[in-house]
Amino acid sequence: MSAGADEEHEPALHTARLLLRPWRVGEAAVLHELWTERDPRVPPHRQMSADGRPTVADLEESIRSNPPTTVGLLAVKLVRTGAVIGYCGLVDSGRPVPGEPELAFELLQRHWGRGYATEASLAVMDWARSSGYGRLWATVWDWNTASRRVLAKLGFLETGQSEPDPAYGTTLFTMRDL
1 MSAGADEEHE PALHTARLLL RPWRVGEAAV LHELWTERDP RVPPHRQMSA
51 DGRPTVADLE ESIRSNPPTT VGLLAVKLVR TGAVIGYCGL VDSGRPVPGE
101 PELAFELLQR HWGRGYATEA SLAVMDWARS SGYGRLWATV WDWNTASRRV
151 LAKLGFLETG QSEPDPAYGT TLFTMRDL
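Each step along the sequence shown adds one to the number in full-length UniProt numbering, with nothing skipped, and position 5 is 5.
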């Protein structure tokens, strides 16, 4: 993995198969597709609403109004084809420890099972380590076995801390020292 800037001088992370860089407005349809594919067990605030929100236009505006930062979700682009297939990055949710970011990733279903989530996450983890972070967190639903496997491959350990929700399942807290 190497950090650098792509042709438009955006911050970027590179792996053998992937380029991780800030989202572009023209890629809002990929985010929209991610929203439409989400498991129905995901809580409503992360689901497409009954009136179809967020729309592609909503997501375009969100990209336009949120400039890249050191903590954020980067578009994951396949080097071979140029297709954007999802996101990976760091979010600062303030839980469970304020100031310690959380690793997050989500890929379009047609790209599952090829190691892209693991590869992208390793790039983000290397960047986080080189940026001075000592630990990363990740939360995952107990029913999300695929993401739990990715986190285990990355060396994240379940902490025993969880947040049960009778409607949506239990959120498990995992962490990894860098």
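Just so you know, even glycine gets a beta-carbon here, dropped at the ideal spot from N, CA and C.
*Check each candidate in THR69, SER62 and GLN109 and name the one with the smallest Cα separation from GLY26.*
SER62
*Write down the C-beta distance between THR139 and THR171 rounded to the nearest angstrom, noting that I regard them as a contact closer than 8 Å.*
5 Å
*asked:* Taking the alpha carbon of TRP137 as the reference point, which residue from SER121, SER130 and TRP143 has its own alpha carbon closest?
replied: SER121
_Spatially closest choice to ARG95 from SER130, LEU178, ALA123 and ARG135, by CA coordinates_ = ARG135
_If I follow the unbroken alpha helix (DSSP H) through ASP39, where does it start and stop?_
ASP39 -> no alpha helix (DSSP H), and no H or E assigned at all.
_Does GLY4 come out as helix, strand or coil in the three-state DSSP assignment?_
At GLY4 the pLDDT is 47, less than 50, meaning the model places this residue with poor confidence; the figure from the coordinates comes in the next sentence. Residue state, collapsed to three classes: strand.
*At which residues does the alpha helix (DSSP H) containing residue 182 begin and terminate?*
The requested residue 182 is not part of the displayed model; the chain covers only 1 to 178.
_Please state the DSSP three-state secondary structure of ARG24._
coil
_TRP127 classed as buried or exposed, judged by whether at least 16 other C-beta atoms fall within 10 angstroms_ = buried
*To the nearest whole angstrom, what separates the beta carbons of GLY86 and HIS111, a pair I think is in contact under 8 Å?*
7 Å
_Length of the line joining the Cα atoms of VAL124 and LEU74_ = 9 Å
_the ligand ATP and THR171: does the residue's C-beta get closer than 8 Å to at least one heavy atom of that ligand?_
With respect to the ligand ATP, the structure shown offers nothing to examine, as it has no ligands at all.
*Closer than 8 Å by C-beta to ARG41: which residues in its own chain qualify, once you throw out the five before and the five after it? Chain order, please.*
TRP141, TRP143, TYR168 and GLY169
_On the CB-based measure, 16 or more other CB atoms within 10 Å of its CB, does LYS153 come out buried or exposed?_
exposed
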